[in-house]
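Inspection log for the structure reproduced underneath, given as structure tokens.
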Amino acid sequence: MNKTLVLGLSLMFVIFTAIQGDLVSRGGECLCIEKGSNFVHPKFLQKIELFPKSPVCEHIEIIATMKRTGKRRCLNPDSKQVKSLMKTFFIDKATQSFRQ
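Under mature numbering (1 follows the signal peptide of the UniProt record, and there is no 0), residues -21 to -1, 1 to 79 are what the sequence shown spells out, in order.
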């Protein structure tokens, strides 16, 4: 093989590797900008999602989806009310699933 072809392929490999790494690092970020609300009444909740700490985000994130609007709200995972809400919500859902 000639040196130009080897050099060209090597350069393309380095560029593609750099681009791939750049896309991965830019795509990873937390879903919640701030801590979030301290309380949401359970009757307004459609679902709650819990996202543990990860290499992408160093915070525990709790996201509530509202029944009527479908909007998603971040909840403060350190709030006593949110912790209680999480226990109640997941126990109720588990009980409903068990009964079906």
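Beta carbons: idealized from backbone N, C-alpha and C, even for Gly.
Taking the alpha-carbon positions, what's the residue 37 to residue 66 distance?
22 Å
Just the C-alpha distance for residue 26 and residue 19, rounded to the nearest angstrom, thanks.
12 Å
So for residue 70, helix, strand or coil by DSSP?
helix
Start-end ranges of the beta strand (DSSP E) lying completely within the segment 1 to 70, minimum 3 residues:
24 to 30, 40 to 45, 51 to 54
Check whether residue 24 and residue 68 have beta carbons under 8 Å apart
yes
Spatial neighbours of residue 8 within its chain, please: C-beta separation below 8 Å, excluding the five flanking residues on both sides.
35, 36
What does the Cβ neighbour count give for residue 70, buried or exposed, with the cut at 16 atoms within 10 Å?
exposed
Please state whether the Cβ-Cβ distance between residue 52 and residue 15 is less than 8 Å.
yes
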